[in-house]
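In what follows, a structure is listed as structure tokens, so that the remarks can point back to it.
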Amino acid sequence: MTETKRTQLYLPITQYQAIQRVARVEKESVASVVREAIKDYLAKRKKILEKDWEKDPVNELIGIFEAEEDLSIDHDKYLYG
Numbered sequence: 015m016t017e018t019k020r021t022q023l024y025l026p027i028t029q030y031q032a033i034q035r036v037a038r039v040e041k042e043s044v045a046s047v048v049r050e051a052i053k054d055y056l057a058k059r060k061k062i063l064e065k066d067w068e069k070d071p072v073n074e075l076i077g078i079f080e081a082e083e084d085l086s087i088d089h090d091k092y093l094y095g
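So the sequence shown is residues 15 to 95, counted in my numbering.
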């Protein structure tokens with residue numbers, strides 16, 4: 015197995031019990047079942063993971079508008095006075 019990172023997550027009881035049943039039937043650990051589920055989930059979203067977000071055309075909009083430095087924080091002040 016590759017290098018791992020310990021994590022903690024909270025699952026609804028029904029999901030946890032289902033994972034436990036799968037692990038017991040397949041004679042695997044709960045962690046192994048969760049890792050496999052995450053692997054399958056990410057494989058379905060391969061396109062998103064491979065997209066080069068740095069080349070997204072929306073990034074070209076950055077810096078073309080001028081505004082107050084605190085606009086994102088005090089937007090209500092500028093919209094409503």
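For glycine and all other residues, C-beta sits at the position ideal for the given N, C-alpha and C.
Using CA coordinates, which residue listed in the options is at the minimum distance from residue i?
i      : options                           : result
Gln-31 : Val-48, Thr-18 and Thr-21         : Val-48
Arg-20 : Glu-68, Tyr-92 and Ala-45         : Ala-45
Asp-84 : Lys-53, Tyr-92 and Glu-64         : Tyr-92
Val-36 : Leu-23, Tyr-24, Pro-26 and Glu-50 : Glu-50
Does DSSP classify residue i as helix, strand or coil?
i      : result
Ser-46 : helix
Leu-85 : coil
Glu-74 : helix
Tyr-55 : helix
Tyr-24 : coil
Glu-68 : helix
Residue i lies in the alpha helix (DSSP H); which residues open and close that run?
i      : result
Lys-60 : 60-64
Arg-20 : Where Arg-20 is concerned, there is no enclosing alpha helix (DSSP H), given that its DSSP letter is neither H nor E.
Glu-40 : 27-40
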